[in-house]
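Working notes, beginning with the structure itself.
Numbering (our numbering), first residue to last: 4 to 108.
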């Protein structure tokens, strides 16, 4: 009985761990990310929303240096990206090289 209670408690805790992941909004306007730096917890998500009247691109460089290109983003479009691992990420727009932001998990 005690083992069953421990197992049930552990499964409940695991199911709640994802329930507390945050979703942070980042805008793109004036060919800038706003904010240009975001602290997150592992598993949190950023929603990048293009508020400009030009296309943008989301390219995320993870702490190991690998790149995840999310593609072209039309005006008004939103792109979600999760940040599962601790470290410093660099976010860039390949269309507008001056558009940069940092994400610290």
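Glycine residues also receive a C-beta, built at the ideal position from the N, C-alpha and C atoms.
Measuring only the C-alpha atoms, how far is residue i from residue j?
i	j	result
residue 34	residue 105	16 Å
residue 23	residue 108	15 Å
residue 58	residue 76	6 Å
residue 97	residue 61	7 Å
residue 99	residue 73	15 Å
residue 56	residue 41	24 Å
residue 87	residue 28	17 Å
residue 101	residue 95	8 Å
Based on the DSSP secondary-structure assignment, which residues constitute the bridge partners of residue i?
i	result
residue 103	95
residue 29	51
residue 41	106
residue 60	75
residue 36	31
residue 81	52
With a threshold of 6 Å on Cβ separation, who are the neighbours of residue i within its own chain once the five nearest residues in sequence on each side are excluded?
i	result
residue 64	70, 93
residue 30	37, 52, 54
residue 85	48
residue 68	none
Are the CB atoms of residue i and residue j nearer to each other than 8 Å?
i	j	result
residue 46	residue 66	no
residue 103	residue 50	no
residue 44	residue 32	no
Sorted by chain position, which residues of the same chain lie with C-beta nearer than 7 Å to residue i's C-beta, five sequence neighbours on each side aside?
i	result
residue 79	53
residue 81	50, 51, 52
Could you pull out every residue in the same chain whose Cβ sits closer than 8 Å to the Cβ of residue i, ignoring the five residues on either side in sequence?
i	result
residue 39	103, 104, 105
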